[in-house]
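Just so we're aligned, residue 812 is where the sequence shown starts under my numbering, counting upward by one. Built from N, CA and C at the ideal position, the CB exists for glycine as well. Accompanying notes for the structure given below.
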Amino acid sequence: MQTIGERIRYERMTHKMSMQALANVLGKSKGNISEYEKGKYEPSAQTVIALSRIFNVSADWLLTGEEYLNNSEDSTPLLNLSDMETDLISMFRLLDERDQEDAYDNIYYKYKRVYKDSSLYQRYALDRVAEETAVDYKSSQNKND
Numbered sequence: 812m813q814t815i816g817e818r819i820r821y822e823r824m825t826h827k828m829s830m831q832a833l834a835n836v837l838g839k840s841k842g843n844i845s846e847y848e849k850g851k852y853e854p855s856a857q858t859v860i861a862l863s864r865i866f867n868v869s870a871d872w873l874l875t876g877e878e879y880l881n882n883s884e885d886s887t888p889l890l891n892l893s894d895m896e897t898d899l900i901s902m903f904r905l906l907d908e909r910d911q912e913d914a915y916d917n918i919y920y921k922y923k924r925v926y927k928d929s930s931l932y933q934r935y936a937l938d939r940v941a942e943e944t945a946v947d948y949k950s951s952q953n954k955n956d
């Protein structure tokens with residue numbers, strides 16, 4: 812494998828990932844992945860780092876083809892997402908910050924209703940409540956001025 816594009820394709824195929832699945836995990840388009848693999852464009856440093864983590868290989872190997880470091884016998888991707896999960900992530904990334912917060916709240920409240928306990932994400936929710944309380948307090952202070 813002579814090019815970074817060939818190595819990206821090799822790893823993607825080894826991990827049985829479609830271009831779309833890899834694009835979704837990276838927050839890129841399917842066209843971007845195709846262009847990387849064809850050698851039309853080279854990925855940014857940030858994308859190379861993400862690829863190395865997803866495929867569990869060194870960034871050096873992706874860039875140069877040397878020093879292939881596969882840290883485990885089982886080369887499963889970092890994120891083994893279903894099609895629905897990748898679609899949700901893709902759609903979520905297209906939303907603005909406020910809509911992302913609303914989407915998070917909807918999922919969090921559904922989770923809480925079903926499982927009736929707090930999750931690992933409780934801190935995030937508490938931080939959000941504290942922020943909203945602070946904003947509400949500032950708004951009320953501004954109205955009183």
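Nearest-angstrom Cα separation, counted from residue j out to residue i
i: R823; j: M812; result: 14 Å
i: I860; j: D916; result: 31 Å
i: L906; j: I918; result: 15 Å
i: N891; j: F903; result: 18 Å
i: T911; j: V925; result: First, the amino acid is wrong: residue 911 is Gln here, not Thr. In a straight line, the C-alpha of Q911 is about 21 Å away from that of V925.
i: A870; j: E908; result: 31 Å
i: A856; j: D913; result: 32 Å
Sequence-distant residues of the same chain with beta carbon closer than 6 Å to residue i, five excluded per side
i: K841; result: M830, Q831 and A834
i: E838; result: Note on identity: in this sequence residue 838 is Gly, with Glu being the wrong assignment. Counting only Cβ-Cβ distances below 6 Å, and skipping sequence neighbours, we find R904.
Limits of the alpha helix (DSSP H) - the one that residue i falls within
i: V836; result: M830 to L837
i: D898; result: D894 to L905
i: N917; result: E908 to Y926
i: S863; result: A856 to F866
i: T814; result: Taken as a continuous stretch (DSSP letters only), T814 belongs to no alpha helix (DSSP H), as it is neither H nor E.
i: S869; result: Element bounds for S869: n/a, residue is neither H nor E.
i: G842; result: K841 to K849
Below-8 Å beta-carbon distance, residue i vs any chain D residue
i: M902; result: Here there is only one protein chain, and chain D is not present.
Nonlocal neighbours in the same chain, by C-beta distance under 7 Å from residue i, ignoring five residues either side
i: S901; result: N835
i: E848; result: G816, I819 and R820
Option nearest residue i by Cα separation, candidates the options
i: I865; options: D894, D898, E853 and K827; result: K827
i: Y814; options: D913, G850 and T825; result: According to the sequence displayed, residue 814 carries Thr and not Tyr. Closest by alpha carbon: G850.
Coil, strand or helix - residue i by DSSP
i: N891; result: coil
i: Y821; result: helix
Residues of its chain near residue i, where Cβ-Cβ distance is below 8 Å and the 5 sequence neighbours each way are ignored
i: E846; result: Y852
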